[in-house]
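Visitor:
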Amino acid sequence: MAANEAALRRGVQPGQFLAMARSLVPDLQAEAVSPGQDLKALHKLAEWCRCFSPLVAVDPPDGLWVDTTGCAHLFGDEQAMLEAVKNRLAERGHTVRAALAETAGAAHALARYGQKALNVVTQGETAQALAFLPVEALRLDAEERDRLRTLGITRIADLCEVPRAALTRRFGTQPARQLDFALGRQKEPLRFEQPVVALQVTRHLVEPIGTAENIAHVMQVLTEEAAALLQQKGLGARRVDLFCQRVDEGVQAIRIGTSEPVNDPSRLLLLLQERIETIDPGFGIESMSLQVELAERQASAMAGGDLAGLSQEVGKEGLGVLAERLRNRPGLQGVYYLGETHAPFPERGQQRLAVPSSLRGVSLWPRPTRLFAPPRPIALPELGEDDSPHRFVWQGRALSVCGADGPERLHGAWWQQADQAGAIRDYWIVEIESGERFWLFRQGDGVHRWSGDGAWFVHGMF
Amino acid sequence: MTDRQGMAMLRDTVARIERRYQKNAAVLYLETGLPPVDEALKGGLRRGVVHEFLGEGHDRQLCARPTRFIAHILAQAAGPVVWVMPQGEGLALAGLRRAGLSAERLLCIEADPSRLAGTVEDVLHSKHVTAVVADLTEPLSLTASRRLTLAAEASGVTCFLLHRHEHFIPPSACWTRWRIGAAPSDPVRIGKRALLSYPEPFSLTLMRCRGGEALSWKIGTDHVSSSSFPLAAAMAYNALAKEAPAGRPGLTVGAVRA
Numbered sequence: 176m177a178a179n180e181a182a183l184r185r186g187v188q189p190g191q192f193l194a195m196a197r198s199l200v201p202d203l204q205a206e207a208v209s210p211g212q213d214l215k216a217l218h219k220l221a222e223w224c225r226c227f228s229p230l231v232a233v234d235p236p237d238g239l240w241v242d243t244t245g246c247a248h249l250f251g252d253e254q255a256m257l258e259a260v261k262n263r264l265a266e267r268g269h270t271v272r273a274a275l276a277e278t279a280g281a282a283h284a285l286a287r288y289g290q291k292a293l294n295v296v297t298q299g300e301t302a303q304a305l306a307f308l309p310v311e312a313l314r315l316d317a318e319e320r321d322r323l324r325t326l327g328i329t330r331i332a333d334l335c336e337v338p339r340a341a342l343t344r345r346f347g348t349q350p351a352r353q354l355d356f357a358l359g360r361q362k363e364p365l366r367f368e369q370p371v372v373a374l375q376v377t378r379h380l381v382e383p384i385g386t387a388e389n390i391a392h393v394m395q396v397l398t399e400e401a402a403a404l405l406q407q408k409g410l411g412a413r414r415v416d417l418f419c420q421r422v423d424e425g426v427q428a429i430r431i432g433t434s435e436p437v438n439d440p441s442r443l444l445l446l447l448q449e450r451i452e453t454i455d456p457g458f459g460i461e462s463m464s465l466q467v468e469l470a471e472r473q474a475s476a477m478a479g480g481d482l483a484g485l486s487q488e489v490g491k492e493g494l495g496v497l498a499e500r501l502r503n504r505p506g507l508q509g510v511y512y513l514g515e516t517h518a519p520f521p522e523r524g525q526q527r528l529a530v531p532s533s534l535r536g537v538s539l540w541p542r543p544t545r546l547f548a549p550p551r552p553i554a555l556p557e558l559g560e561d562d563s564p565h566r567f568v569w570q571g572r573a574l575s576v577c578g579a580d581g582p583e584r585l586h587g588a589w590w591q592q593a594d595q596a597g598a599i600r601d602y603w604i605v606e607i608e609s610g611e612r613f614w615l616f617r618q619g620d621g622v623h624r625w626s627g628d629g630a631w632f633v634h635g636m637f
Numbered sequence: 045m046t047d048r049q050g051m052a053m054l055r056d057t058v059a060r061i062e063r064r065y066q067k068n069a070a071v072l073y074l075e076t077g078l079p080p081v082d083e084a085l086k087g088g089l090r091r092g093v094v095h096e097f098l099g100e101g102h103d104r105q106l107c108a109r110p111t112r113f114i115a116h117i118l119a120q121a122a123g124p125v126v127w128v129m130p131q132g133e134g135l136a137l138a139g140l141r142r143a144g145l146s147a148e149r150l151l152c153i154e155a156d157p158s159r160l161a162g163t164v165e166d167v168l169h170s171k172h173v174t175a176v177v178a179d180l181t182e183p184l185s186l187t188a189s190r191r192l193t194l195a196a197e198a199s200g201v202t203c204f205l206l207h208r209h210e211h212f213i214p215p216s217a218c219w220t221r222w223r224i225g226a227a228p229s230d231p232v233r234i235g236k237r238a239l240l241s242y243p244e245p246f247s248l249t250l251m252r253c254r255g256g257e258a259l260s261w262k263i264g265t266d267h268v269s270s271s272s273f274p275l276a277a278a279m280a281y282n283a284l285a286k287e288a289p290a291g292r293p294g295l296t297v298g299a300v301r302a
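For the record, the sequence lines run as chains A and B. Be aware that the first sequence starts at 176, since it is given in the working numbering, and climbs by one per residue. Be aware that the second sequence starts at 45, since it is given in the working numbering, and climbs by one per residue.
As structure tokens, then:
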């Protein structure tokens, strides 16, 4: 019988009979052991532990291995990582003992038989840390354990001293092998959990392929199969990974994302084919697999598509597909629609949107189609009696103003940014002799210091 | 799959043949909305070719006037527009809106200058787009511009190249090349102030046009017009006869239709 902390506090001991425990705690809640469900829960927890490292293996009946090679720095250091593991699992209601060591065997032993709940063994100290643990810590059968105990070998240190030849002759290969696994003399293969994916389609190729046409062909076969499966389930893919297993053990991976659930094979294929150039086939690719990482519910795309090309909505749809294709393309810094904001200053007057906004409304005042970013500072222009600029210097040339419109006073967005409180800009549209119109502004109202420092800028041209 | 591809290819071929014998001007040309210009170009800017635009004077780098002109032309036509630009100074939406181009039709793409031409070509291949506009920070080579022309021809998508630099522009395969600048307006004097009149006057120069003449227009102001762009009649309309190099064939000297 196992007991949790609350039960332990009331005097129940692990290994007691249930009747005895019941007499101690009358309202004891007892549940029958179900190894199948435990294992299922363990696998589920293993999946959750993927947040620490991508390599997670189960160690039935009650353990998990997480290969943290190259992951510890994400949490700070190894001790911090172990604490994070403990805390996060405690949040989920698990009491854990954890150990971090060089080998899976050592970690297994230290987590179960170590003195502390959290053990970190640094490189090279494994043998020392294991020396005083009982031989049970090595994963041995009950029979082997008993035979070792009868001969007085109780600690791992004792086991280390026995000559190997004698050890193998008397106890079989198992204890020596487990000792090697724990001390890292022999590498132990772990069976890591496969990540849960919505769907996976794989093709093993008879001969390695290397040309773009062949890769495209396999992609087509894979996407058609995946799309058919998605359509059957009524799902659409949001994120798809393509893995190309190379002959020399290397894996080339492509990831594509879509802006909406897609199960149209031609659309998925188009996105994948865009990325063919990024695959390095090396000596050849021997198998390719397509994993739908993330899928969402979607109405099935009509099979066959629109043969006569009669659909009317082609314009908008086409732009969406084009935007999606370009977003998956390497080398493009941004694919976006423009949208207006309510910020009063023009440089913040627009934002980048992933989907087009259907907001309509034209500003009442003339606005340039191009702005300088940032606004170009100019020297203080000559001002007329009505405060309008008469002459200003632009790129080393003095320009005289024929006509001016303004000022258009804009107030800073004090409700959004505290530093814009009270900020004022006076915008002028000025025309020079050649007819070109500049958009000038002065920071501040020209009188009060708090409204701006009175510097002049050219913000754009009309 | 192959059936569908074959069908699509067939449909494209039919559409291309149809386009050649199309009488409807709106399918063949993008109207500028300026009657004298449209008339001289026999209907407007040709679709499915490359048009180049340059700024003038202080506007060479920024190209505000050409941008405005392009936005005005695209506002007359329907369908999505893709604007490809290098990272940095982009477009100002408020001004485009005033020129008549709505934001939902406009997809912006930022690309490395080295990948710009390739991206434009790629977008030109998609058929659902009306026009592609590209901000160039350096001139394209003849080969690159030929590629763009071929891509535009195949899909029927119009390509506008905006030269936002002051380098020499080598020969290119463009259909027309324009220089769009400002023209002096006549500020209204009230007391000591000189107020500007709207809309602002433009000077349009058709520097070269395949199979046509080099022309220039001054689009004047009309105080009554409420349009976002000076739709008033061209004030002066003269050929570039005086400025044109003498030895160049294809330039009709003195083609004045005032």
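C-beta atoms are modelled at their ideal positions from N, C-alpha and C, and glycine is treated no differently.
So what does DSSP say about Gln-353(A), is it helix, strand or coil?
Guide: Three-state DSSP puts Gln-353(A) in a helix.
Visitor: Against Met-394(A), what residues of chain B qualify as contacts under a CB-to-CB distance less than 8 angstroms, listed in chain order?
Guide: Simply none; closest approach about 12 angstroms.
Visitor: Using only CA atoms, which one of Ala-286(A), Glu-583(A), Gln-349(A), Ala-401(A) lies nearest to Ala-470(A)?
Guide: Cα-wise, what sits closest to Ala-470(A) is Ala-401(A).
Visitor: What is the DSSP secondary structure of Ile-599(A), reduced to helix, strand or coil?
Guide: Three-state DSSP puts Ile-599(A) in a strand.
Visitor: Check the Cβ-Cβ distances between Pro-563(A) and every residue of chain B, and say whether any is below 8 angstroms.
Guide: A small fix is needed here, since residue 563(A) is Ser in this sequence, not Pro. For Ser-563(A), the answer is yes, since a Cβ of chain B falls inside 8 angstroms of its Cβ.
Visitor: Should Tyr-65(B) be labelled buried (16 or more other beta-carbon atoms within 10 Å of its own) or exposed?
Guide: Exposed, since its Cβ has fewer than 16 Cβ neighbours within 10 Å.
Visitor: State the Cα-Cα distance for the pair Arg-197(A) and Glu-318(A), rounded to the nearest angstrom.
Guide: Those two C-alpha atoms are separated by around 33 angstroms.
Visitor: Determine the burial state of Pro-556(A): buried for a count of at least 16 other Cβ atoms within 10 Å of its Cβ, exposed for fewer.
Guide: Counting Cβ neighbours within 10 Å, Pro-556(A) comes out buried, since at least 16 surround it.
Visitor: In whole angstroms, what is the alpha-carbon distance linking Arg-170(A) and Arg-504(A)?
Guide: No information on residue 170(A) is available, as it lies outside the stretch 176 to 637 that chain A covers here.
Visitor: Under 7 angstroms Cβ-Cβ, which residues of chain A neighbour Leu-339(B)?
Guide: This structure leaves residue 339(B) out entirely; chain B is present only between 45 and 302.
Visitor: Determine the direct distance from the alpha carbon of Tyr-602(A) to that of Ser-609(A), and round the result to whole angstroms.
Guide: Straight-line Cα distance between these residues: approximately 21 angstroms.
Visitor: Can you name the start and end residues of the beta strand (DSSP E) that Ser-260(B) belongs to?
Guide: Run containing Ser-260(B): 259-263, per the beta strand (DSSP E) assignment.
Visitor: Three or more C-beta pairs under 8 angstroms: does that hold for the segment 615-624 of chain A against the segment 549-569 of chain A?
Guide: A contact exists between the segment 615-624 of chain A and the segment 549-569 of chain A.
Visitor: Can you find the residues in the same chain that come closer than 6 angstroms, C-beta to C-beta, to Asp-234(A), ignoring five residues on each side of it along the sequence?
Guide: Contacts found: Trp-240.
Visitor: Compare the Cα-Cα distances from Ser-229(B) to each of Gly-264(B), Asp-47(B), Ala-217(B) and report the closest residue.
Guide: Out of Gly-264(B), Asp-47(B), Ala-217(B), Gly-264(B) has the C-alpha closest to the C-alpha of Ser-229(B).
Visitor: Say whether chain B places a C-beta atom closer than 8 angstroms to the C-beta of Phe-458(A).
Guide: For Phe-458(A), the answer is no, since every Cβ of chain B falls outside 8 angstroms of its Cβ.
Visitor: Relative to the C-alpha of Pro-215(B), which residue among Ser-199(B), Arg-254(B), Gly-235(B) is closest?
Guide: Taking only the C-alpha atoms, the option nearest Pro-215(B) is Arg-254(B).
Visitor: Thr-220(B) by DSSP, collapsed to three states: which one?
Guide: Residue state, collapsed to three classes: strand.
Visitor: By DSSP, does Met-129(B) sit in helix, in strand, or in coil?
Guide: Here Met-129(B) sits in strand by DSSP.
Visitor: With respect to the alpha helix (DSSP H) encompassing Arg-414(A), which residues constitute its N-terminal and C-terminal limits?
Guide: No alpha helix (DSSP H) contains Arg-414(A), which is instead part of the beta strand (DSSP E) from 410-421.
Visitor: Looking at the structure shown, is Ser-185(B) part of a helix, part of a strand, or coil, going by DSSP?
Guide: Here Ser-185(B) sits in coil by DSSP.
Visitor: How about Val-376(A): is its C-beta nearer than 8 angstroms to some C-beta of chain B?
Guide: Taking Cβ atoms only, chain B never reaches closer than 8 angstroms to Val-376(A), which makes this a no.
Visitor: Please report whether the beta-carbon of Gln-131(B) lies at a distance below 8 angstroms from any beta-carbon of chain A.
Guide: It does: the Cβ of Gln-131(B) has a partner Cβ on chain A nearer than 8 angstroms.
Visitor: Helix, strand or coil for Ile-431(A), going by three-state DSSP, please let me know.
Guide: Note: Ile-431(A) maps to strand in three-state DSSP.
Visitor: Run through the segment 488-542 of chain A for me and flag every whole alpha helix (DSSP H) of 4 or more residues, listed as ranges in chain order.
Guide: DSSP runs (the alpha helix (DSSP H)) wholly in the segment 488-542 of chain A: 489-502.
Visitor: Under 7 angstroms, CB to CB, which of the residues in the segment 495-520 of chain A have a partner in chain B?
Guide: Residues passing the 7 angstroms Cβ filter: Leu-497, Ala-498, Leu-501, Gly-506, Leu-507, Gln-508, Gly-509, Val-510, Tyr-511, Tyr-512, Leu-513, Gly-514, Glu-515.
Visitor: Are Ala-143(B) and Ala-115(B) touching if we call contact CB-CB under 8 angstroms?
Guide: Yes, Cβ-Cβ distance for Ala-143(B) and Ala-115(B) is below 8 angstroms.
Visitor: Which one of Leu-264(A), Cys-226(A), Ala-232(A), Pro-236(A) has the shortest CA to CA distance from Ala-247(A)?
Guide: The candidate whose alpha carbon is nearest that of Ala-247(A) is Cys-226(A).
Visitor: Identify the contact partners of Glu-154(B) in chain A, using a Cβ-Cβ distance below 9 angstroms as the criterion.
Guide: Result: Leu-507, Gln-508, Gly-509, Val-510, Tyr-511.
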